[in-house]
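Residue numbers (the numbering used here): 3 to 445.
What follows is one structure encoded as structure tokens, with my remarks underneath.
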């Protein structure tokens, strides 16, 4: 009977580890959809736990073996890399340690028993294991509820190290406390010692949270500086455009003056025609666009000037303001800029005398903020259109360099902000459609 109970409890523990894996990797149906792998994972975990429990008298060795085997199972059965496996297990181990320490603490005070009695006397050990498993299931439910938040933190992206570092630090500190706990089981006053262990863990958790919050604030400040630098760069570019326009305008005044000096019979008509054309050119070359986002206004003004210089019709129709979006300015700029630059590159492959057009439109659809960016550039074959968001994939075969990452990064940024990006090729145009949740609800 004892063996059956042990197996049942170990099965729950294995499923909790798998549940942690599926929550952090956003694969909520992993266990259901991978029954054979899940079964093999649970069986391997149960056998390891059962054998280590019965053949290792030292609880510390038992814990270390479980850690190593768990990480290896995540690597080989779930096909998770070592870095991601360590992050997953660190959170799992922290959850196990916190719930087991809390259960020990409660059991020692309610049942008036010592820590060594909980670990050695079967009835106390059973209460401890069942109670801790219930708390672990509750903790797993809470983790699954935070699924969207955790996935937005990009835990397995080695470049976004803050949250992975936080989980690994918690896991390492929990292991350190386990070593302390099991190395002094013969201490006279286990209750005070258990309080010290739990208090140490809680204090470390609070300090780690405070440090994490400060680091996030520093990153936000850094991002704001980046946006400001980008805006300064845009302003410098706009100033250069104005200077060029001023120089060109002076030349046009000289031409008009020369026409007046010629004093030919059709001078007035020729000046009217010249000024009319000049007015159209000035209007097209630089125009202010009100998108609801100052940084985006600057970006689109510069892109419009570039389009004019390259004989590209640059159309912008802002039906809905970008102020409705809850998104960081630097990420919004990267998304829009990457897609527009991709459109420019596609149009450069067309002949000089062909019609070239880029169109940007915003609208609302099903309480979603939609951005449609289209161009009538070179055709994209159907067999590769779904690959253009893949990392490193590029339609430019001659020059690889940094190509193949712009649209991949764009897709990552869109999904990071709970958005969806899709691409469609019609007979005339390539359309990119981005859909975001709105900042304010439509009334």
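By construction, the Cβ of each residue, glycine as well, lies at the ideal position given by its N, Cα and C atoms.
Computed from a predicted structure; not experimentally measured.
- Are there three or more Cβ pairs, one per stretch, closer than 8 angstroms when the segment 25-40 is compared with the segment 133-151? Contact between the segment 25-40 and the segment 133-151 is present, with at least three C-beta pairs closer than 8 angstroms.
- Task: Could you have a look at residue 131 and say whether DSSP puts it in helix, strand or coil?
- Result: Taken through DSSP and simplified to helix, strand or coil, residue 131 comes out as helix.
- Roughly how far, in whole angstroms, is the beta-carbon of residue 94 from the beta-carbon of residue 19, given that I think they are within contact range, below 8 angstroms? With a beta-carbon spacing of about 5 angstroms, residue 94 and residue 19 fall inside the 8 angstroms limit used to define contacts.
- Query: Hey, how far is the Cα of residue 193 from the Cα of residue 7?
  - Reply: Straight-line Cα distance between these residues: approximately 27 angstroms.
- Query: residue 296: which of 352, 373, 314, 237 sits nearest, CA to CA?
  - Reply: Ranking 352, 373, 314, 237 by CA distance to the CA of residue 296 puts 237 first.
- Task: Locate the alpha helix (DSSP H) running through residue 96, then write down its first and last residues.
- Result: Residue 96 -> alpha helix (DSSP H) spans 84-112.
- Query: Between residue 71 and the rest of its own chain, which residues show a CB-CB distance below 8 angstroms, the 5 nearest in sequence each way excluded?
  - Reply: Cβ-Cβ distances below 8 angstroms link residue 71 to 46, 47, 50 in the same chain, with the five nearest sequence neighbours on each side left out; the list follows chain order.
- Query: With a Cβ-Cβ cutoff of 8 angstroms, do residue 301 and residue 325 count as a contact?
  - Reply: Not a contact, by the Cβ cut-off of 8 angstroms.
- Can you check the segment 287-317 for any alpha helix (DSSP H) of at least 4 residues that lies completely inside it and give the ranges in chain order? Runs of the alpha helix (DSSP H) inside the segment 287-317: 296-311.
- Item | the segment 342-355 contacting the segment 415-426, beta-carbon criterion three pairs below 8 angstroms | Proximity of the segment 342-355 to the segment 415-426 falls short of the contact definition, fewer than three beta-carbon pairs being nearer than 8 angstroms.
- Task: Report the three-state DSSP secondary structure of residue 428 (helix, strand or coil).
- Result: Three-state DSSP puts residue 428 in coil, outside helix and strand.
- Who are residue 361's beta bridge partners in DSSP? For residue 361, which the question treats as bridged, DSSP gives the partners 317, 376.
- Message: Distance check for residue 222 and residue 399, CA to CA, integer angstroms please.
- Response: The predicted position of residue 399 is uncertain, since its pLDDT is 48 and thus under 50; a value taken from the coordinates is nonetheless stated next. Whole-angstrom Cα-Cα distance: 37 angstroms.
- Task: Please state if the CB of residue 294 and the CB of residue 336 are separated by a distance shorter than 8 angstroms.
- Result: In this structure, residue 294 does not lie closer than 8 angstroms to residue 336 by Cβ.
- Message: In the DSSP output, which residue or residues are listed as bridge partners for residue 434?
- Response: Residue 434 is bridged to 375, 425.
- Cβ contact check for the segment 201-209 and the segment 120-137: 3 or more pairs under 8 angstroms: In short, these stretches do not touch, since the Cβ pair count stays below three.
- Task: Measure the C-alpha to C-alpha separation of residue 226 and residue 375 and round it to an integer number of angstroms.
- Result: For residue 226 and residue 375, the distance between alpha carbons rounds to 26 angstroms.
- Excluding the 5 residues preceding and the 5 following residue 109 in the sequence, name in chain order all residues of the same chain whose CB lies nearer than 8 angstroms to its CB. Result list for residue 109: 115, 120, 126, 129, 130, 133, in chain order.
- Nearest-angstrom beta carbon gap, residue 313 and residue 352 [assumed within contact, 8 angstroms]: With 8 angstroms as the limit, residue 352 and residue 313 do not qualify as a contact, their Cβ atoms being about 10 angstroms apart.
- Query: What is the rounded straight-line gap between the Cα of residue 32 and the Cα of residue 79?
  - Reply: Their Cα atoms are separated by approximately 12 angstroms.
- Message: Just to confirm before moving on: does the CB-CB distance between residue 107 and residue 12 stay below 8 angstroms?
- Response: Taking 8 angstroms as the cut-off, the beta carbon of residue 107 is found no closer than this to the beta carbon of residue 12.
- Item | Residues bridged to residue 440 (per DSSP) | Per DSSP, 327.
- Item | Extent of the continuous alpha helix (DSSP H) to which residue 387 belongs | Counting along the chain, the unbroken alpha helix (DSSP H) around residue 387 starts and ends at 384-387.
- Query: Would residue 327 pass as a contact of residue 319 if the rule is Cβ separation under 8 angstroms?
  - Reply: Residue 327 places its beta carbon 8 angstroms or farther from that of residue 319.
- Message: Please state the DSSP three-state secondary structure of residue 215.
- Response: Helix at residue 215.
- Message: Is the separation between the beta-carbon of residue 377 and that of residue 360 shorter than 8 angstroms?
- Response: Residue 360 sits close to residue 377, with the two beta carbons spaced by under 8 angstroms.
- DSSP three-state call for residue 157: helix, strand or coil? Three-state result, residue 157: coil.
- Please report how far the alpha carbon of residue 270 lies from the alpha carbon of residue 253, in whole angstroms. Between the alpha carbons of residue 270 and residue 253 lies a gap of roughly 19 angstroms.
- Query: Mapping DSSP to helix, strand and coil, what is residue 274?
  - Reply: DSSP, reduced to helix, strand and coil, places residue 274 within a helical segment of the structure shown.
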